[in-house]
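Protein chains in written order, with this note's numbering: chain F, 261 to 639; chain D, 13 to 174.
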């Protein structure tokens, strides 16, 4: 059977090869994992189990259970000053990834240009291409701590784009942006009338300053779709639960696709999510403290072993410079000789060239052992 | 988080972490960490460092019991006086004043069930203020000081994911 051209045109994920290599080896300590090493807080899992015991296995409303939407809206308002009507401006999705895909399909016309800030999560480019859009990469630089600036936007020609998509705190770099730093990005978006897709899935994991959503800056709410979810903060990746916040017309458009194709986000996950919001703040704070400690450990050890790395301040990634010219070769050699898996930066776009994504979503003992192995490998 | 709390946070999880490691994790330096630990020890905030042991894997397994104690107080004798008297016995591993149906909850450890029973009947029960003891022998341990004693769950995440 012949795949459709638009599918053929999208290369398989760059990290797949690495996954296959690592999967064949024993005693691998993986710093290549893009998800928490914790399990979801027990109260959330318990709520999921209870919902199953009660036979809550049917669809929910397309937009998600109304109690869950209300709880999300309240939390977003309290925590990030994001004020959205849970009835018309909020859509519960099967992970933030579904939301992002919906936004591309609902808001991008064939031939529209989508500026993708890079290095970036691996789904944005394929999402744009599947939606028939054109990708315009907007590289960020290590010297600027991988922050997005109006200069980088202008340099890439993003002024002519229709949509801008980015993610802070960032996967893969661990970069974050403050409200002040986002101001010039917002000004650029307003000036060039860009729709902004802001992936804030790591918002709860910002270690050096409070997370600010670009949607809260003047003139941005009406042009921004915010994506968040339970995967990272609540360690619920496999439950597939996310949400999108946007003005009613965008949510209506996204829901048009969602109601036909997904119907509703997983019901069991929605029960877990509601409980997570109501009783798991302590567990989230504890996980966050753990990540922060590991971040400090990783950055200190890199410095001690002479591995250049900017000060990552969010998510659970560090993005050191690769000491070899070819990061892919380095990562392969490191894996083969030491059993430590990291992901070459190019898996996240050309702007990741010369870097390695090191995830610290790994227990401190394994992390220490992996860092010891990396140090010996470099020596 | 204050640096004191941060250091305590690491110690409570792994008291064997080196000053260098604690410094790395708390974005500090080893000298500062050592000074904080000295201070915590001197002030009596940190009272000691102990290993968390899976007793099932020991060759000689001591017998443990949780004992409920009921007491009567009088003008001369308060909870503290009674507690002090009982806590001095080396068999007593922990002693708490608690709310509810009894007054003290005591954890006792000794080499055999006879020894524990003898200790309760010879040393604890005769204390004049103690009116009642109820001894619960520990049969199995599932969690000690926050650490689960099971085999733990395997990390079943994909080894590399986006």
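Don't be surprised by glycine CBs; every beta carbon is placed ideally from N, CA and C.
- By DSSP's assignment, residue 117/D forms a beta bridge with 80/D, 108/D.
- Among the residues facing chain F, residue 31/D is not included, as its CB has no counterpart in that chain under 8 Å away.
- When the beta-carbon positions are compared, residue 511/F and residue 348/F come within less than 8 Å of each other.
- Taking a Cβ-Cβ threshold of 8 Å, the residues of chain D close to residue 557/F are 33, 36, 37, in chain order.
- For residue 335/F, same chain residues with a beta-carbon under 8 Å away, outside a window of 5 residues either side, are 537 in chain order.
- Beyond the five residues adjoining it in sequence on each side, residue 495/F comes within less than 7 Å, by CB distance, of 296, 298, 299, 300, 547 in the same chain, given in chain order.
- Distance from the Cα of residue 441/F is smallest, within the candidate group 373/F, 407/F, 423/F, for 407/F.
- Under the three-state reduction of DSSP, residue 618/F is assigned to strand.
- Using a Cβ-Cβ cut-off of 7 Å, residue 466/F is close to nothing in chain D; its nearest Cβ partner there is about 15 Å away.
- For residue 482/F, the CB contacts under 7 Å within the same chain, skipping 5 residues up- and downstream, are 507 in chain order.
- Positions of the alpha helix (DSSP H) runs, each at least 4 residues long and wholly inside the stretch 36 to 77 of chain D, are given as 42 to 54 in order along the chain.
- Three or more beta-carbon pairs drawn from the stretch 76 to 96 of chain D and the stretch 137 to 147 of chain D are found closer than 8 Å, and the two stretches are therefore classed as touching.
- Selection 44/D, 129/D, 54/D, 100/D evaluated against residue 148/D yields 129/D as nearest (Cα-Cα).
- Assigned with DSSP and collapsed to three states, residue 550/F falls in helix.
- The alpha-carbon separation between residue 124/D and residue 150/D amounts to approximately 12 Å.
- Around the Cβ of residue 61/D, a 10 Å sphere holds fewer than 16 other Cβ atoms; the residue is exposed.
- Pairing residue 466/F with residue 322/F, the inter-Cα distance amounts to about 31 Å.
- Counting every other CB atom within 10 Å of its CB across the protein chains shown gives residue 474/F a total of 16 or more, marking it as buried.
- Excluding five sequence positions before and after residue 154/D, the CB atoms of its chain that fall closer than 6 Å to its own CB belong to 161, given in chain order.
- Annotation: residue 148/D is outside any alpha helix (DSSP H); the continuous beta strand (DSSP E) that includes it extends over 142 to 149.
- Along the stretch 278 to 307 of chain F, going in chain order, the ones with a CB nearer than 8 Å to a CB of chain D are 278, 279, 282, 283, 288, 290, 292, 293, 294, 295, 297, 299.
- DSSP, reduced to helix, strand and coil, places residue 350/F within a strand of the structure shown.
- Among the CB atoms of chain F, none fall inside 8 Å of the CB of residue 122/D.
- Identification of chain D residues near residue 601/F by a Cβ-Cβ cut-off of 9 Å yields 171, 172, ordered along the chain.
- Residue 382/F reaches chain D at 174, counting residues in chain order whose Cβ is nearer than 7 Å.
- As DSSP reads the structure, residue 427/F sits in a beta bridge with 459/F.
- Contact with chain F is absent for residue 152/D, since none of that chain's Cβ atoms lies less than 8 Å from the residue's Cβ.
- Residue contact check for residue 275/F against chain D: a CB pair falls below 8 Å.
- Here residue 159/D is exposed. Its C-beta has fewer than 16 other C-beta atoms within 10 Å.
- The alpha helix (DSSP H) runs lying completely inside the stretch 322 to 369 of chain F and spanning 4 residues or more are 326 to 340, 355 to 367, given in chain order.
- Taking the C-beta atoms as reference points, residue 433/F is found nearer than 8 Å to residue 577/F.
- In this structure, 386/F is the residue among 327/F, 386/F, 444/F with its C-alpha nearest to the C-alpha of residue 272/F.
- Residue 520/F: member of the alpha helix (DSSP H) spanning 508 to 521, first to last residue.
- The beta carbons of residue 22/D and residue 31/D sit about 10 Å from each other, so the pair does not count as a contact at 8 Å.
- Under the three-state reduction of DSSP, residue 289/F is assigned to strand.
- Residue 636/F does not reach chain D, its nearest Cβ partner there being about 17 Å away, counting only Cβ pairs nearer than 9 Å.
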